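First to last, the protein sequences are chains A and B.
Sequential numbering of the first sequence, starting at 1, is according to our numbering.
Sequential numbering of the second sequence, starting at 1001, is according to our numbering.
Beta carbons are placed, not taken as given, at the ideal position from N, Cα and C, and that holds for glycine.
Note that the structure is predicted; figures quoted are calculated from it, not measured.
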Amino acid sequence: MEFDKNSTIKLAKLARLSVNDNQLNSLEKDLKSILKFIDQLKEINTEDIDPTSNSLDQKLILRDDIAENTLSNEDLLKNVPESELGFFVVPKVIE
Amino acid sequence: MDDWQTVIGIEIHAQVNSKSKLFSSSSTDFGSAPNTQVSLVDAAMPGMLPVINKFCIEQAIKSGLGLNAKINNKSIFDRKNYFYQDLPQGYQISQFKDPIVGEGSVEIEIEGITKTIGIERLHLEQDAGKSLHDQDPNLTFVDLNRSGIALMEIVSKPDMSSSDEAIAYVRKVRSILRYLDTCDGNMEQGSLRADVNVSVRKKGEELGTRCEIKNLNSFKHIGAAINFEVDRQIKIIERGEQVKQETRLYEVVSNKTRSMRSKEDAHDYRYFPDPDLLPLQLEQDWIEKIKKSLPELPDEKKLRFINFYKISGYDAEVLTSDRRISEFFEEVAKNRSSKLSVSWVASELFAVLNKLNLNIENSPVSSSQLGELIDEIENGTISNRAAKEVFEEMCNSEKSVKDIIDDKGLVQISDTSEIEIFINKVLEDNPENVEKYKNGKTKLLGFFIGEVMKATKGKANPGLLNQIVKKKLDN
């Protein structure tokens, strides 16, 4: 699929970013150049190679199941624009 | 209506009963003050990294084995990207292409007929936070305590064809998870909830367009939502219109489903492997070790109950659908009459639990107390009828079975000579009836027994009484 202005608008919408026309144009340009670079990588033949989800040759580190609350409600809400009764408060969202 | 077929597939979200979250150490306790179990990881502060909980992996493997499923030695965590206020990361860590558990199956039974329901997969993912929309007309309140708790998403194949089958399936999966102790199955608290995919088609035709009904948290709602949805879809098609693929919400008050969002402007989740997490590699030894630790599961236990205790399939089903109930029953039935044990657990005790709205875990009568009561019936100290009186008292007091029997003077008269005294008196007082009996009106036996029972205030041992009266009259 060709990447165009509509793709940029869609991405902005999915990320809930408000983007004006000027920004759209420059974003489209940037994203296109990134995708062009990716296309270049695609030229490599990877037919016999297993897909890699991570390039580190390490094992996932597992944690024991020990519960510990490390952050107070006051500290958690310190930087939020709005809070009440210990909750984060945001504009009404109803689906 | 008859030529319509319903096709149902179900996604169950089951919270792992771990102490801490899937990728952080925050506590998973239910009902705490809002936002008091949220770490920097859960709040998605910049630079925070997820570290996976070993116990949650083990519980997923255990659940997979309990669902007769294939455990994948390598699985991968992906980011499912979407923007919502209860998801601070902006993505949910889930498993997309390579889940920890692959295909399996469970068996359900409806009116004696067994049906196999396929399991597509089970994967681990993070739960989201909770939004409260009813605190303020213009604002939404967000609590992140639930955010990041481990969920097992169990996806069925579209193998169910009625609301009854759907309910039986969810019941069975819940029962298995509770046996395994991997999820507490508490639907009221949301530890286990179901998304139901429903479509209808005319017999022999291709699959219809499906709708997904989200977040059903009781068996009753699952049934009602499916029945409403099937009806709705059939009406649409019979009107010559088309069912729209969409996500719907079941509303309890109106008993209807309504559109939530249509798949047209569907979320584009842009899954990709989470670069913060390496692939999860499972050693076969670990899987084997877990396999060996599995408890006896409901299907197996039901069979054993039928064979060992010689009880009906129905009773065995009732007693094994819940692990705690089955354990309670086995404690009661040990070295005792299984017939008496079934009737006291499944009839008397269940009636009390239902009435008081209690679970077996907080039963007012313990298994050993109920066992003592049955002992007193078995050794003839009290009659079955007196036992009911004792049982009622046991539910309301801490007194021992023996004390209650003594206090109420319920000890059965099992002394032959003592019973004979009462019998002789009754026979003397009713010479006419004795005469009639001797002349062939043997139905009067019940009358004499009744009179003696009255005289002894119901305490005469009924077996003995019957025997002696008969002997005296027939002589």
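Residue range of the unbroken beta strand (DSSP E) whose run includes residue i
| i | result |
| --- | --- |
| residue 1078/B | 1078 to 1081 |
| residue 1452/B | Where residue 1452/B is concerned, there is no enclosing beta strand (DSSP E), although the alpha helix (DSSP H) it sits in stretches over 1445 to 1455. |
| residue 1139/B | 1139 to 1143 |
Spatial distance of residue i from residue j (CA atoms)
| i | j | result |
| --- | --- | --- |
| residue 1163/B | residue 1277/B | 39 Å |
| residue 1092/B | residue 1330/B | 43 Å |
| residue 1123/B | residue 1056/B | 11 Å |
| residue 85/A | residue 1254/B | 32 Å |
| residue 103/A | residue 1220/B | Residue 103/A falls outside the range modelled here, since chain A spans only 1 to 95, and no answer is possible. |
| residue 1263/B | residue 1209/B | Summary for residue 1263/B: the model assigns pLDDT 48, below 50, so the residue's position carries little reliability, and this model does not support an answer. |
| residue 1211/B | residue 1160/B | 15 Å |
| residue 69/A | residue 1035/B | 10 Å |
| residue 1361/B | residue 1324/B | 7 Å |
| residue 1156/B | residue 1071/B | 16 Å |
| residue 1010/B | residue 1167/B | 10 Å |
| residue 32/A | residue 1050/B | 31 Å |
| residue 66/A | residue 1089/B | 23 Å |
| residue 1175/B | residue 1185/B | 8 Å |
| residue 1271/B | residue 1247/B | 20 Å |
| residue 1145/B | residue 1032/B | 8 Å |
| residue 1024/B | residue 1321/B | 34 Å |
| residue 1404/B | residue 1063/B | 45 Å |
| residue 1242/B | residue 1236/B | 6 Å |
| residue 1180/B | residue 1294/B | 7 Å |
| residue 1348/B | residue 1338/B | 14 Å |
| residue 1058/B | residue 57/A | 23 Å |
| residue 1273/B | residue 1053/B | 18 Å |
| residue 1450/B | residue 1472/B | 16 Å |
| residue 44/A | residue 59/A | 27 Å |
| residue 1187/B | residue 1218/B | 6 Å |
| residue 1065/B | residue 39/A | 42 Å |
Residue i in three-state terms, based on DSSP
| i | result |
| --- | --- |
| residue 1347/B | helix |
| residue 1263/B | With a pLDDT of 48 at residue 1263/B, under the threshold of 50, the modelled position of that residue is not reliable, and the figure given next carries that caveat. Here residue 1263/B sits in helix by DSSP. |
| residue 1363/B | coil |
| residue 1215/B | strand |
| residue 1052/B | strand |
| residue 1398/B | coil |
| residue 87/A | strand |
| residue 1308/B | helix |
| residue 1233/B | helix |
| residue 1020/B | strand |
| residue 1420/B | helix |
| residue 1467/B | helix |
| residue 62/A | strand |
| residue 1246/B | strand |
| residue 1473/B | helix |
| residue 68/A | coil |
| residue 94/A | coil |
Delimiting residues of the alpha helix (DSSP H) encompassing residue i
| i | result |
| --- | --- |
| residue 1410/B | Note, residue 1410/B: premise wrong, no alpha helix (DSSP H); not H, not E. |
| residue 1285/B | 1284 to 1293 |
| residue 1108/B | First-last for residue 1108/B: 1104 to 1110, but that is the beta strand (DSSP E), not the alpha helix (DSSP H). |
| residue 1091/B | First-last for residue 1091/B: 1091 to 1094, but that is the beta strand (DSSP E), not the alpha helix (DSSP H). |
| residue 1169/B | 1163 to 1180 |
| residue 1324/B | 1323 to 1333 |
| residue 1317/B | 1313 to 1320 |
| residue 1431/B | 1431 to 1438 |
| residue 12/A | 5 to 14 |
| residue 1342/B | 1338 to 1342 |
| residue 73/A | 73 to 76 |
For residue i, the residue or residues it bridges with in DSSP
| i | result |
| --- | --- |
| residue 1133/B | The partner list for residue 1133/B (beta bridge, DSSP) is empty, contrary to what the question assumes. |
| residue 1273/B | 1078/B |
| residue 1125/B | 1151/B |
| residue 1013/B | 1153/B and 1193/B |
| residue 1460/B | 1413/B |
| residue 1118/B | 1105/B |
| residue 1256/B | 1251/B |
| residue 1202/B | 1004/B |
| residue 1027/B | 1020/B |
| residue 1045/B | For residue 1045/B, which the question treats as bridged, DSSP gives no partner whatsoever. |
| residue 1281/B | 1074/B |
| residue 1113/B | 1110/B |
| residue 1160/B | 1008/B |
Quiz item: Could you give the uninterrupted runs of the alpha helix (DSSP H) lying entirely in the segment 21 to 47 of chain A, keeping only those of 4 residues or more?
Solution: Correct list: 21 to 42.
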